[in-house]
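Everything below concerns the one structure shown next.
Numbering (my numbering), first residue to last: 268 to 444.
And the structure:
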């Protein structure tokens, strides 16, 4: 099942093939698994040099440069965040929160011959072992922009996480969501 719609820049519909859809889905599942398992260095290997990692305050058509965000990381800041998490000494994540996320309603659009936009709903379950022992539930929608690398694999250059409760008080996001 593929979603075939054109991006705003395109004038004609440009469908993705079943193979492309599967390739993008496989990437999303791998990215989610690596984040859930706190395998941050492997997760970071999926990221491109021009990566933008953005968690706006809620859902909507926001401008990252004009609106307050929970997280608005460029590649350099994301590298620092991953390095902190990889030390195993980030106090908010000692011990590391066990996490599992579910992805659904995956839609894929072509941005160019070698890049795609994917969107999906998610629910992430996080057990806060280091602080409250409480199970946190993080529902939302994610937008990914991916491109094919020279070796044929995919790399992620944009990730926008829109939390359902993003306009409310939320606990610390001390992990890759």
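All C-beta atoms in this analysis are idealised placements derived from N, C-alpha and C, irrespective of residue type, glycine included.
Return helix, strand or coil for residue i, following the three-state DSSP convention.
i	result
residue 270	Below a pLDDT of 50, predicted positions are generally treated as unreliable, and residue 270, at 42, falls in that range; the measurement from the model is reported next regardless. Looking at residue 270 - three-state DSSP - the assignment turns out to be coil, as it is neither helix nor strand.
residue 291	helix
residue 404	strand
residue 304	coil
residue 298	helix
residue 377	strand
residue 421	strand
residue 235	What the structure shows of the chain is the stretch from 268 to 444, and residue 235 is not part of that stretch, so it cannot be assessed.
residue 434	coil
residue 352	helix
Are the Cβ atoms of residue i and residue j separated by less than 7 Å?
i	j	result
residue 401	residue 321	no
residue 431	residue 375	no
residue 303	residue 408	no
residue 389	residue 370	yes
residue 391	residue 365	no
residue 386	residue 403	no
residue 317	residue 424	yes
Please report the straight-line C-alpha distance between residue i and residue j, rounded to a whole angstrom.
i	j	result
residue 309	residue 435	32 Å
residue 315	residue 398	33 Å
residue 444	residue 362	17 Å
residue 301	residue 293	12 Å
residue 346	residue 311	8 Å
residue 334	residue 307	28 Å
residue 326	residue 440	17 Å
residue 324	residue 332	13 Å
residue 377	residue 283	6 Å
residue 328	residue 351	31 Å
residue 341	residue 285	32 Å
residue 396	residue 299	20 Å
residue 344	residue 438	21 Å
residue 289	residue 354	34 Å
residue 296	residue 373	11 Å
residue 305	residue 349	10 Å
May I ask you to list the residues that DSSP assigns as paired with residue i?
i	result
residue 427	321 and 410
residue 345	DSSP lists no partner for residue 345.
residue 388	371 and 408
residue 366	393
residue 336	323
residue 314	423
residue 382	379 and 414
So residue i and residue j are in contact, right, with Cβ under 8 Å, and what is the actual spacing, rounded?
i	j	result
residue 433	residue 337	7 Å
residue 287	residue 405	With a Cβ gap of about 28 Å, residue 287 and residue 405 do not count as contacting.
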